[in-house]
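Okay, structure first, notes after.
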Amino acid sequence: MRKHIWITWEKHRRTKELAGAFNATLIPIIYNGSPFIRYPFSLLKTIYILLITRPAILFVQNPSMILATLASALKPIFRYQLIVDRHSNFRFSTINSRSPKWKFFHALSRYTIKKADVTIVTVQSLAALVNDWGGNGLVLQDKIPDIPINEDDIRELKGNFNVVCVSTFVADEPIFDIVNAAALISDDTHIYLTGKYDNFPEIKILQKIKPKNVTFTGFISDYDYAQLLYSADAIMVLTMLDELLTCGAYEAVAINKPMILSNTEALSAYFYKGAAYTGSDKESIARAIIDVQKNYNTYLRDIKSLHDSLDTNWLERFQKTKTVTHSLRDN
C-alpha cells in the first residue's frame with residue numbers, strides 16, 4: 032500500500048498532532064539558516080522525499096506557501112491526492128497591497144486552493160472562502176494537545192497569582208498594552224511573556240517601561256515552556272487578527288488553565304467558556320486579569336467542562352474529515 036506522508040517546513044504542534052491522528056508519516060524539513068540556502072535545500076529535499084516514498088496521499092502544512100505551491104505543481108507528476116493544512120494563513124491585511132511580494136503571495140494562495148483536493152482550515156468563514164475560490168474547504172480545529180510533565184517539577188513562580196502570556200512578539204499581538212496593563216493590577220500578580228523578543232523593533236523601549244511584575248522569558252525549551260504553563264494560574268493569549276484560533280488557547284485547555292483571550296468572533300465562539308474575553312487596550316486587559324483572579328473557581332470549573340466538550344466535538348469533526356481523506360484514497 033502506498034504511504035500517507037505529511038511534509039512540513041516549520042515546527043508546529045498542530046502538525047504533529049494531526050499527522051498522528053491521520054496515521055501519516057510526519058517528515059519535517061527544518062533548516063534554520065539563511066533563506067538563500069533554506070529554500071533551495073527544502074525544495075530539493077521535498078522532491079527527493081516524494082521520489083522515494085511515492086505517497087498516495089500527501090499532506091503539507093501551509094505555511095509554507097512555497098511548500099504548498101510545490102506540492103500543487105508536482106501533483107500531476109507523482110499522482111498523489113493533496114491535502115493542504117492551511118488553518119489560517121491568508122494574510123487578509125495585505126490582500127489589496129500593491130507590493131509585488133504580496134501580489135505573488137495571493138496569486139499562489141488561489142492557485143494552491145484550486146489545486147489541492149482538500150484545504151483544511153480552522154473556522155467556517157475560511158472554509159466558505161476556500162469554496163468560493165474553487166477549492167474544497169473543510170473545518171478542523173487543532174486537536175487538544177498532550178503536554179506531558181512530571182507533576183513534581185511544577186515550580187513556584189514570582190507572584191501570588193501568575194499569568195503566562197503566550198506570545199511571539201509579532202505585529203498582531205498588543206505587546207505594549209499587555210506590559211502597560213501590568214501597572215494597573217496588583218504588584219503580586221505577575222505576568223510572564225514567553226517568546227523570543229530579540230527582533231521586536233521596540234524592545235529597548237519596552238524593557239524601559241516594563242514594571243517589576245512582568246518577566247520576559249525569552250526563548251525556552253519545550254519542557255521549560257510546559258513547566259511554566261503548568262505552574263501558572265491562568266494563560267493569556269491575545270491577537271488582533273479576527274479569524275485565528277491560537278495555539279496557546281489549545282494548550283491552556285489541555286492543562287485546564289483558565290484563559291484570558293481576545294474578544295474576537297472566532298476565539299469567543301470556539302473557546303466559549305473558561306475564558307475572560309478582552310479588547311486590546313491596557314484597561315480591558317487589566318480588567319480581564321482581575322476578573323479571572325476574582326472568580327477563579329468558576330473559570331476553573333468552566334475550563335474543565337470546555338476541555339471535555341472540545342474533545343468530543345473534535346473527534347466528531349475529525350471522523351468526518353477522515354471519511355473525506357479515505358474517499359480520496361479509494362479514488
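Letter 255 of the sequence shown, counting from 1, is numbered 286 in the working numbering, and no numbers are missing. Every residue gets a Cβ at the ideal spot worked out from N, C-alpha and C, and that includes glycine.
Buried/exposed call for residue i, threshold 16 Cβ in 10 Å
i      : result
THR356 : buried
ASP377 : Outside the shown range of the chain, which is 32 to 362, sits residue 377, and nothing can be said about it.
PRO179 : exposed
SER95  : buried
SER293 : buried
PHE90  : buried
ALA280 : buried
SER198 : buried
ARG129 : exposed
PHE200 : buried
SER65  : exposed
SER358 : exposed
THR3   : The requested residue 3 does not occur in the structure, where the chain is confined to residues 32 to 362.
ASP173 : buried
Three-state secondary structure assigned by DSSP to residue i
i      : result
ILE58  : strand
ASN191 : coil
GLN324 : helix
ALA300 : helix
ASP116 : strand
SER308 : Checking the sequence, you will find Tyr at residue 308 rather than Ser. Strand at TYR308.
PHE121 : coil
LEU171 : coil
ILE126 : coil
MET32  : Because MET32 carries a pLDDT of 45, less than 50, the predicted location of this residue cannot be relied on, and the following value inherits that uncertainty. Coil at MET32, not helix or strand.
N- and C-terminal bounds of the alpha helix (DSSP H) containing residue i
i      : result
VAL161 : 155-163
GLY51  : 44-52
SER103 : 96-109
ILE185 : ILE185 -> no alpha helix (DSSP H), and no H or E assigned at all.
ILE178 : Element bounds for ILE178: n/a, residue is neither H nor E.
LEU139 : 131-146
Which listed residue (the options) has its alpha carbon closest to that of residue i
i      : options                           : result
ILE108 : ARG129, PRO86 and SER95           : PRO86
TYR142 : THR100, ILE36, ILE175 and LEU157  : THR100
ILE38  : ASN162, GLN92 and LEU275          : GLN92
THR46  : VAL115, PHE72 and LYS106          : VAL115
LYS106 : PHE123, LEU81 and SER119          : LEU81
PHE121 : ASP322, TYR111, ASP273 and HIS221 : ASP273
LYS304 : LEU331, CYS278 and ASP312         : LEU331
LYS146 : GLN112, SER299 and SER124         : GLN112
PRO232 : ILE216, THR225, PHE207 and THR248 : PHE207
GLU182 : THR309, ASN167 and ILE286         : ILE286
ILE60  : PHE53, ILE97, GLY51 and LYS34     : ILE97
ILE185 : PHE349, ALA306 and ALA257         : ALA257
SER103 : SER140, LYS134 and HIS118         : SER140
VAL245 : VAL154, ALA283, PRO176 and LEU188 : LEU188
ILE83  : CYS278, HIS35 and ARG44           : HIS35
VAL161 : TYR70, PHE136, ARG117 and LEU346  : ARG117
ILE151 : VAL170, GLU48 and ALA306          : VAL170
ILE175 : PHE302, ASP322 and ALA202         : PHE302
Extent of the continuous beta strand (DSSP E) to which residue i belongs
i      : result
TRP37  : 35-39
SER293 : 290-293
THR150 : 149-152
LEU74  : Where LEU74 is concerned, there is no enclosing beta strand (DSSP E), although the alpha helix (DSSP H) it sits in stretches over 66-84.
VAL197 : Segment: none, VAL197 is in no beta strand (DSSP E) and carries neither H nor E.
Contact with chain D by residue i, beta-carbon distance below 7 Å
i     : result
SER65 : Any reference to chain D falls outside this structure, which holds one protein chain only.
Can you give, in chain order, each stretch of the alpha helix (DSSP H) that sits fully within the segment 199-286 and has at least 4 residues? 206-213, 234-240, 253-262 and 278-285
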